[in-house]
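Residue numbers (our numbering): 18 to 327.
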């Protein structure tokens, strides 16, 4: 008895068999819709049929892309992911149709097309994506910037850098991530500023991206920013310096561990412990000797315990 996989593959091949350039749009759509029901099913009984159905749709090539784009209006997350998976399998041939879809008036469709272009990863989509980075719908800007980061082409650097100043936190987060992926060195100053962003997602991703950039340059900018009136900047700067763990970074952190602000001392001391859990520099004893605040001491002990377990 043949397996479900073999059976569905046979069915899929029959559906696309005999297709030729003269096939009507309605026939193509009917075949696509039939396969898509299988490809996007969540029924465990038909789980073996899902991947062959996706492969069969992808085998139809770029001619099915406009119909797949039409399906981006779906409210089903499973169907959205199915579309993305199929477009990934079609790959570069899907890009021209997807780029054309960026001009559609439905912002929901446009944002999902941006997402698809990022996952396909073809550099020919860079300039069209840059063009929609100023779209009125923030979700489109978010997905466009994110896609540019995934593609990784430096031609997107200006658009990504500018997006760090977007009015919406989610877009600033996408821009911070993309800066790290693209290695935009000139974004260091702006990323350090984003460490104090109102949106925690932008703050944390800015910190993650800074670690990927030139260590000496970032260290210098962080050192100059420790006294920022926005305390979040200095606190996250301590965390980044701890991740570096260089002699210069540890020296800066030890100076911050003498701050009059107990929260800053805590951040600095915890970063030192995380950077040097075995105390090869001999800083631990000094930190514990001079600290008088019980809450700071508790955080330091907790950091030491966590470091020892790791």
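No residue lacks a Cβ here, since even glycine has one placed at the ideal position from N, Cα and C.
Subject >> Three-state class that DSSP yields for residue 167 in the structure shown >> reply: Walking along the chain shown from the start, residue 167 turns up at place 150. Three-state DSSP puts residue 167 in a helix.
Original post:
In whole angstroms, what is the alpha-carbon distance linking residue 323 and residue 66?
Top reply: Here the question's residue 323 lines up with position 306 in the chain shown. Here the question's residue 66 lines up with position 49 in the chain shown. Taken atom to atom, the span from the alpha-carbon of residue 323 to that of residue 66 is near 46 Å.
**OP:** Identify whether residue 271 lies in helix, strand or coil by the three-state DSSP scheme.
**Re:** Taking the chain shown and counting its residues from 1, the one referred to as residue 271 is at position 254. Assigned with DSSP and collapsed to three states, residue 271 falls in helix.
Original post:
Measuring from the CB of residue 122, is there a heavy atom of the ligand MN at a distance below 8 Å?
Top reply: Absence of the ligand MN from the depicted structure is noted, as is the absence of any ligand whatsoever, leaving it without description.
Subject >> Boundaries (first-last residue) of the alpha helix (DSSP H) holding residue 232 >> reply: The sequence position of residue 232 within the chain shown is 215, counting from 1. Residues 232-242.
**OP:** Leaving aside the five residues before and after residue 35 along the sequence, list all residues of the same chain whose C-beta is less than 8 Å from its C-beta, in chain order.
**Re:** Here the question's residue 35 lines up with position 18 in the chain shown. Unreliable placement is indicated for residue 35, whose pLDDT of 45 sits below 50; the coordinate value is still reported in the next sentence. There are no such residues.
Original post:
Which runs of the beta strand (DSSP E) fall wholly inside the segment 40-95 and span at least 3 residues, in chain order?
Top reply: none
Original post:
In terms of residue numbering, what span does the alpha helix (DSSP H) encompassing residue 260 cover?
Top reply: Position 243 of the chain shown holds residue 260. That run of the alpha helix (DSSP H) goes 248-261.
**OP:** Would you mind giving the Cβ-Cβ distance between residue 273 and residue 255, rounded to the nearest angstrom? I have them listed as a contact below 8 Å.
**Re:** Position 256 of the chain shown, counting from 1, holds the residue named residue 273. Position 238 of the chain shown, counting from 1, holds the residue named residue 255. Rounded, the Cβ-Cβ distance is 6 Å, consistent with contact.
Subject >> Simplified DSSP state of residue 305, which is helix, strand or coil >> reply: Looking up residue 305 in the chain shown gives position 288. Three-state result, residue 305: helix.
Original post:
Around the C-beta of residue 98, are 16 or more other C-beta atoms found within 10 angstroms, so that it is buried, or is it exposed?
Top reply: To locate residue 98, count along the chain shown from 1; it is residue 81. With fewer than 16 Cβ atoms within 10 Å of its Cβ, residue 98 is classed as exposed.
Original post:
Contact check, residue 182 vs residue 143 under 8 Å by CB: the rounded distance?
Top reply: Position 165 of the chain shown, counted from the start, is the residue given in the question as residue 182. Position 126 of the chain shown, counted from the start, is the residue given in the question as residue 143. Actually they are not in contact, since the Cβ atoms of residue 182 and residue 143 sit about 20 Å apart, beyond 8 Å.
Original post:
Are the beta-carbon atoms of residue 177 and residue 225 separated by less than 9 Å?
Top reply: The residue labelled residue 177 in the question sits at position 160 within the chain shown. The residue labelled residue 225 in the question sits at position 208 within the chain shown. The answer is no: Cβ separation not under 9 Å.
**OP:** Express the C-alpha separation of residue 159 and residue 286 in angstroms, rounding to a whole number.
**Re:** The residue labelled residue 286 in the question sits at position 269 within the chain shown. The residue labelled residue 159 in the question sits at position 142 within the chain shown. Using only the alpha carbons, I get a separation of about 36 Å.
Original post:
Helix or strand or just coil, what does DSSP make of residue 99?
Top reply: Position 82 of the chain shown, counted from the start, is the residue given in the question as residue 99. Assigned with DSSP and collapsed to three states, residue 99 falls in helix.
Subject >> With 16 other Cβ atoms within 10 Å as the buried cut-off, status of residue 233 >> reply: Locating residue 233 in the chain shown gives position 216, counting from the first residue. In the assembly as shown, residue 233 is an exposed residue. Its beta-carbon has fewer than 16 other beta-carbons within 10 Å.
Original post:
For residue 118, which residues from the same chain have a beta carbon less than 6 Å from its beta carbon, with the 5 sequence-adjacent residues on both sides left out?
Top reply: Residue numbering aside, residue 118 sits at position 101 when the chain shown is read from its first letter. Closer than 6 Å at Cβ, skipping near neighbours: 86, 130.
Original post:
Per the contact definition of three or more C-beta pairs closer than 8 Å, is the segment 88-96 in contact with the segment 65-80?
Top reply: They do not touch, by the three-pair rule.
Original post:
When DSSP labels each residue in this structure, what does residue 217 get in the three-state scheme?
Top reply: Your numbering for residue 217 matches position 200 in the chain shown. DSSP places residue 217 in helix when its eight states are reduced to three.
**OP:** Give the single residue among 242, 141, 68, 314 whose Cα lies nearest to the Cα of residue 109.
**Re:** Stepping through the chain shown from its first residue, residue 109 is reached at position 92. With distances taken between Cα atoms, residue 109 lies closest to 141.
Original post:
Quick one, which of 239, 237, 164, 217 has its alpha-carbon nearest residue 199's?
Top reply: One-based indexing of the chain shown puts residue 199 at position 182. The shortest Cα separation from residue 199 among 239, 237, 164, 217 belongs to 164.
Subject >> Backbone secondary structure at residue 388 - three-state DSSP >> reply: Absent from the structure is residue 388, since the part of the chain shown begins at 18 and ends at 327.
Original post:
Exposed or buried, residue 128, counting other C-beta atoms within 10 Å across all chains shown (16 or more means buried)?
Top reply: As a first step, residue 128 is located in the chain shown; it is residue number 111 there, counting from the start. The residue in question, residue 128, is buried, as its Cβ has 16 or more Cβ neighbours within 10 Å.
**OP:** Please state whether DSSP places residue 38 in a helix, a strand or coil.
**Re:** Position 21 of the chain shown holds residue 38. In this prediction, residue 38 scores a pLDDT of 45, lower than 50, which makes its location untrustworthy; the coordinate-derived value is nonetheless stated afterwards. If DSSP states are grouped into helix, strand and coil, residue 38 belongs with coil.
**OP:** Could you have a look at residue 290 and say whether DSSP puts it in helix, strand or coil?
**Re:** Numbered from its first residue, the chain shown carries residue 290 at position 273. Helix at residue 290.
Original post:
How long is the line joining the alpha carbons of residue 316 and residue 238, rounded to whole angstroms?
Top reply: In the chain shown, the residue the question calls residue 316 occupies position 299. In the chain shown, the residue the question calls residue 238 occupies position 221. Those two C-alpha atoms are separated by around 27 Å.
Subject >> Reference residue 137, options 68, 269, 103, closest by Cα >> reply: Numbered from 1 along the chain shown, position 120 holds the residue referred to as residue 137. Selected option, being the one with the closest Cα: 103.
**OP:** Report the three-state DSSP secondary structure of residue 299 (helix, strand or coil).
**Re:** For this step, residue 299 is matched to residue 282 along the chain shown. Coil.
**OP:** Measure how close the beta-carbons of residue 236 and residue 208 come, nearest whole angstrom, since I'm counting them as under 8 Å.
**Re:** To locate residue 236, count along the chain shown from 1; it is residue 219. To locate residue 208, count along the chain shown from 1; it is residue 191. Not quite, the Cβ-Cβ distance comes to about 13 Å (not below 8 Å), so this is no contact.
**OP:** Closer than 6 Å by C-beta to residue 53: which residues in its own chain qualify, once you throw out the five before and the five after it? Chain order, please.
**Re:** For the purposes of this step, residue 53 is taken as the residue at position 36 of the chain shown. Contacts found: none.
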